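For reference, the structure discussed in these notes is given below.
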Amino acid sequence: MKAGFIGLGNMGSGMAANLLQAGHEVIVYNRTAEKLKPLVDRGGLPAARVAEACRGEAVITMLADDGALESLAFGPEGIVSSLGRGAVHISMSTVSVALSQKLAEAHARAGQSFVSAPVFGRPDAAAAARLFIAAAGAPEALEKIMPLLEAMGQKVFLFGETPWTANLIKLSGNFLIASVIEALGEAMALVGKAGVEPGPYVDFLTSTLFGAPVYSTYGKLIAERRFDPAGFAAPLGHKDIGLALAAADSLRVPMPLASLIRDRFLALLAQGGEKLDWSAVAQLAAKDAGVAAPAG
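According to the working numbering, the sequence shown holds residues 452 to 747 in order.
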């Protein structure tokens, strides 16, 4: 397929590379132009403007937040006005339910399709095409773009015809991951104050009842204090929990734990953790217990 790819950050660069590896024709665009070169060297076609990336059967966006996506989607040379009739916009980053609804309506009015397909996985999984993808949209649009999704992930899960459902799935998943990070931080602070080394403790957890990837991945990061460089930066974690709470508010669903975790991220940011991985929020429990330096 011929597809555009907009957003070549930690995740997007690996995803676009896998599309090229699978034989797709990929037009790449990024606000920071130097990020285009590695992909152009692999056969990608450079785009100087957003509109140039919208000349294929689909365009994929992997952008940091609502503001970035909205600014590139709307306007005279934005995605909605530039994409051809019948083409598909695939939004793969973590954005709000409200923006997903707005984009779906705008694309429908323009005779285009909109699919939400946010991903689960860190940059190493993106580079290895091992992402898990939660997708929702019109069946004919999903069928059309499935070769693209399959080139970027190890499994695609379908969640119906309403695109924002996939965004809600993603936000709920990130809430669960953040909950695990906070719980690990508190548990490791507890045993750490008694003199238990974090490495063996995490090995025990992940070798017994807590063998899920989320525990092994984040347990090791916390035990080894590998928070820099960030695979997923702390401000994005704070943003995602805020989006989950906004969705919960609109659906009248109390999420008291999510409110606590949002405050924990806010504390991390207030203490200088802007550039750290979001797993650094676990160090707040250690600091509160007097067994570690501030996470920032």
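Heads up, the beta-carbon is just placed ideally off N, CA and C, and yes, glycines get one too. Source: prediction; values computed, not measured.
For residue i, three-class secondary structure by DSSP
| i | result |
| --- | --- |
| Ser544 | coil |
| Leu613 | Residue identity check: residue 613 is Thr in the sequence provided, not Leu. Three-state DSSP puts Thr613 in coil, outside helix and strand. |
| Ala498 | coil |
| Glu476 | strand |
| Lys606 | strand |
| Gly518 | helix |
| Phe655 | helix |
| Val647 | coil |
| Ala576 | helix |
| Gly742 | Looking at the sequence shown, residue 742 is not Gly but Val. Three-state result, Val742: coil. |
| Met462 | coil |
| Leu660 | coil |
| Leu534 | coil |
| Ala589 | coil |
| Asn469 | helix |
| Ile626 | Ile is not the amino acid found at residue 626; the sequence shown has Phe there. Reduced to three states, the DSSP call for Phe626 is helix. |
| Asn618 | helix |
| Glu633 | helix |
Contact with chain D by residue i, beta-carbon distance below 8 Å
| i | result |
| --- | --- |
| Leu470 | Protein chains in the displayed structure number just one, and chain D is not present. |
Extent of the continuous alpha helix (DSSP H) to which residue i belongs
| i | result |
| --- | --- |
| Ser667 | Pro664 to Glu675 |
| Pro527 | First-last for Pro527: undefined, no H or E at that position. |
| Val491 | Lys488 to Val491 |
Beta strand (DSSP E) segment containing residue i, residue limits
| i | result |
| --- | --- |
| Leu582 | Leu582 to Ala586 |
| Ala454 | Lys453 to Ile457 |
| Val510 | Ala509 to Thr512 |
Strand pairing of residue i, partner residues [DSSP]
| i | result |
| --- | --- |
| Val539 | Ala509 and Ser564 |
| Val570 | Ile584 |
Taking contact to mean at least 3 C-beta pairs separated by less than 8 Å, is the segment 569-587 in contact with the segment 621-635? yes
Would you mind listing the beta strand (DSSP E) stretches within the segment 681-736 that are 3+ residues and don't spill past its ends, in chain order? none
Three or more C-beta pairs under 8 Å: does that hold for the segment 455-475 against the segment 495-515? yes
Meets three-Cβ-pair contact criterion under 8 Å: the segment 555-569 and the segment 514-534: yes
For the segment 582-590 against the segment 602-614, are there 3 or more C-beta pairs whose distance is under 8 Å? yes
So does the segment 509-528 actually touch the segment 659-674, counting three or more Cβ pairs closer than 8 Å? no
How about the segment 666-679 and the segment 693-708: do they share at least three Cβ pairs that are nearer than 8 Å? no
Does the segment 595-609 come within contact of the segment 699-709, defined as at least 3 CB pairs closer than 8 Å? no
How do the segment 641-661 and the segment 719-731 stand: do at least 3 beta-carbon pairs fall below 8 Å, yes or no? no
Below 8 Å, can you find three or more Cβ-Cβ pairs linking the segment 628-641 to the segment 728-742? yes
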